[in-house]
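Participant:
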Ligand code: C2E
Ligand code: MG
Ligand code: MG
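Residue numbers (this note's numbering): 36 to 753.
1) Assign residue 744 to one of three DSSP states: helix, strand, or coil.
2) Compare the beta carbon distance of residue 678 and residue 694 with 7 Å and say whether it is the shorter of the two.
3) Going by beta carbon distance, what residues of the same chain come within less than 8 Å of residue 641, once the five residues before and after it are set aside?
4) Would you say the beta carbon of residue 731 comes nearer than 6 Å to a heavy atom of ligand 1?
5) To the nearest angstrom, how far is the alpha carbon of residue 475 from that of residue 542?
6) What ranges does the alpha helix (DSSP H) occupy inside the segment 121-195, keeping only unbroken runs of at least 4 residues that lie completely in it?
7) Locate the alpha helix (DSSP H) running through residue 343, then write down its first and last residues.
8) Using DSSP with H/G/I as helix, E/B as strand and the rest coil, what is residue 519?
9) What runs of the beta strand (DSSP E), each 3 residues or longer, lie entirely inside the segment 257-288?
10) Could you spell out where the alpha helix (DSSP H) holding residue 656 opens and where it closes?
11) What does a CB cutoff of less than 7 Å around residue 401 pick up in its chain, not counting 5 residues either side in sequence?
12) What does the Cβ neighbour count give for residue 80, buried or exposed, with the cut at 16 atoms within 10 Å?
13) For residue 359, which residues from the same chain have a beta carbon less than 8 Å from its beta carbon, with the 5 sequence-adjacent residues on both sides left out?
14) Let me make sure I understand the geometry here. Which of 229, 681 and 654 has the alpha-carbon closest to that of residue 669?
15) Using the rule of at least 16 other Cβ atoms within 10 Å of the residue's Cβ for burial, across every protein chain shown, is residue 243 buried or exposed?
16) With hydrogens ignored, establish whether the beta-carbon of residue 541 is closer than 6 Å to any heavy atom of ligand 1.
17) Going by DSSP in three states, residue 41 sits in which element: helix, strand or coil?
18) If you drop the 5 nearest sequence neighbours on each side, which residues of the same chain put their C-beta closer than 6 Å to that of residue 703?
19) Starting from the N-terminal side, write out each stretch of the alpha helix (DSSP H) that is 4 residues or longer and does not extend beyond the segment 58-113.
20) Buried or exposed: residue 740, going by 16 or more other Cβ atoms within 10 Å of its Cβ?
21) Could you tell me which of 649, 558 and 206 sits nearest to residue 273, measuring between CA atoms?
22) Alpha carbon to alpha carbon, what distance is there between residue 197 and residue 191?
23) What does the Cβ neighbour count give for residue 376, buried or exposed, with the cut at 16 atoms within 10 Å?
24) What are the boundary residues of the beta strand (DSSP E) that includes residue 210?
25) To the nearest whole angstrom, what separates the beta carbons of residue 271 and residue 255, a pair I think is in contact under 8 Å?
26) What residues in its chain sit with their C-beta under 7 Å from that of residue 230, if we drop five residues either side in the sequence?
27) Taking the straight line between their C-alpha atoms, what separation do you get for residue 509 and residue 689?
28) Thinking C-alpha only, which one of 366, 148 and 422 is nearest residue 410?
29) Closer than 6 Å: is that where the CB of residue 652 sits relative to any heavy atom of ligand 2?
30) Within this structure, are the beta carbons of residue 125 and residue 181 separated by less than 7 Å?
31) Are residue 455 and residue 424 touching if we call contact CB-CB under 7 Å?
32) Spell out a yes or no on whether the segment 485-498 and the segment 524-531 are touching, meaning 3 or more CB-CB pairs, one atom from each, closer than 8 Å.
33) Whose CA, out of 536, 49 and 371, lies closest to the CA of residue 312?
34) Tell me the rounded alpha-carbon separation between residue 123 and residue 117.
35) Below 6 Å CB to CB, which residues in the same chain sit around residue 750 once its five sequence neighbours on both sides are set aside?
36) By how many angstroms is the C-alpha of residue 707 removed from the C-alpha of residue 547?
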């Protein structure tokens, strides 16, 4: 206490002393309460005259035992030396000094302190000592350091980020990183201080302004403008952050052009068929539904076409998928070209296409589109080095008559297409009520047909064909021909299905179905063998004597003819039945000889070498080019019975039949008229120069027993 007493002049008397003590006590209390360490050092001896508790304890002393110690012994030699310049300034220059230093306290904790030194000068201007005030600023400095670090980190991050970053305050740009400058094509100077909205595409500005005003933490897609005006779709991720000492808005600007492109690609993939580039089923159905909704308001009527290629599987199987793909692409292109703006086409799957026609003036206009599609798609096309022709079968359903939903319409169009197929393919059909039932019945028939194949429920009927001019028989030949006694050219084998419930069914009732379901292959193979066996039987058993050779004609379906190894199969059937090629005539349709699957010519040539007669059946109904016929190894043409039916009255039919005969003869082919029902027709075809005839007028198709009787009757008449 004495040391302290010396600093404060004593007053007179005990009262004065007591008051002084009380004041001192107050001062001590004050000194020990303030959050500052306080000490006083004498100038000359550099000893501590007084310290508050905080100061004393900071260096490991108490208020009493620190008094009289030198500065160096309190804070250490090293520290004392380091603060010497400040001490010097306070004592010698008598000005206040302040510095910061780190103090390893008596408790072992390193603190950052701010030290202030205040000079104590007497009236004569002599330095008596210095007051020392120490404030612990450790927390403050740490917070500052943390802030600095985070600013540095942010700065680093801004530069390191590949994404654009922009700080803005109240909508004004305060900082931008290089990637964003790159993205937008500006320099930093050009952007700083400008409104963010200036860089936003006009239609996106409102949203951005709203976000700036409401200041949420959010993310959304927007469009920014490059300096050159290019629009760049971006995603904004907006945060509020401390930057440059204040709360600012940080927006991450993410270039999403790649993402959008990828999304668009995915969209495209999801909605398009990669092969043909046409919209796919999903896309079509979506658009169809939109159109239907519009049509339900406008009252328009629409037509939906279901297109399926005939025998496409065969092409795929025989010529390979690459050719199949090329063909599908060509077909897609042809369909598209045959339509007009506003029509919609899609690939529905495999070889199926859908077309939605924009409103047209009623069914005739729709039918016209159908014919156009049939012609366009059916046009022969080069594929895999050969020319092939693939026809479509088309079903049409009309909105709203046939259905009002997309599912209904597609289903009905599909049913109509199915009918088009089963009525012979290469045609189009409008949906008709009852088709669904028919389709169902057909389905039943189909499964029954498969059973019929397994149980062999088929029989053959035979219809004779005779020559009209018997060149070997001298003058009376024509007379004989008129009497029905022309030389026998052969018999045509015509298949029937002995259906257990329905009775005998003609080929028109089940052959198209059998073709559609590939069942024609086992049926056709059976017909061939059975017909050849029959011919062999007749030769052996013919009455009145052996040696009667009756060639049989067998009808082929496209599918059979196109089956690889078909010619070998014929050779095997001939060998197995013990017959010769000369006893067999094969009837092909025009389409079969026309669809040049490369091997057609070769196959025909081999058959011809085997002695087989090759006939083009139903001639005149297809579109055979003469140039093509000329090159094929054929023997006969059979004029389609639809022309013969028009004879002799129908001038058109006469002209066509006449032309066929002329042309056939010109090509060195025999011409046979089929479907001759009347004597007048027979006269007519004879007059035209037909070489042979077949028809009810001569004889209907008959079971074997009846045919043999007929044959016997003829030979008896001769
Ligand atoms: P197609 O080859 O033109 O056979 C002649 C068809 O005309 C036969 O009908 C026959 O009964 C009929 N017909 C014969 N003469 C006359 C006549 O004077 N007037 C009329 N209106 N018709 C006559 P069918 O037996 O119903 O056979 C129809 C078609 O089925 C055949 O036409 C042929 O293309 C096909 N077909 C028959 N058998 C087979 C077969 O085994 N395989 C294949 N793939 N098709 C066959
Ligand atoms: Mg025939
Ligand atoms: Mg025919």
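Don't be surprised by glycine CBs; every beta carbon is placed ideally from N, CA and C.
Please read all numbers here as calculations on a predicted model, not as lab measurements.
Facilitator: With the given structure in hand:
1) helix
2) no
3) 602
4) yes
5) 20 Å
6) 173-195
7) Here residue 343 belongs to no alpha helix (DSSP H); instead the beta strand (DSSP E) covers 337-344.
8) At residue 519 the pLDDT is 48, less than 50, meaning the model places this residue with poor confidence; the figure from the coordinates comes in the next sentence. It is coil, neither helix nor strand.
9) 266-278
10) Premise fails: residue 656 is in no alpha helix (DSSP H) and is neither H nor E.
11) 338, 392, 395 and 431
12) exposed
13) 347, 350 and 351
14) 654
15) buried
16) yes
17) With a pLDDT of only 47 at residue 41, under the threshold of 50, the placement of this residue in the model should not be trusted, and no figure is reported.
18) none
19) 88-93 and 106-110
20) exposed
21) 206
22) 12 Å
23) exposed
24) 207-211
25) 6 Å
26) 206 and 207
27) Legend: pLDDT at residue 509 = 44, less than 50; position of this residue unreliable, no value from coordinates given.
28) 366
29) yes
30) no
31) no
32) yes
33) 371
34) 11 Å
35) none
36) 25 Å
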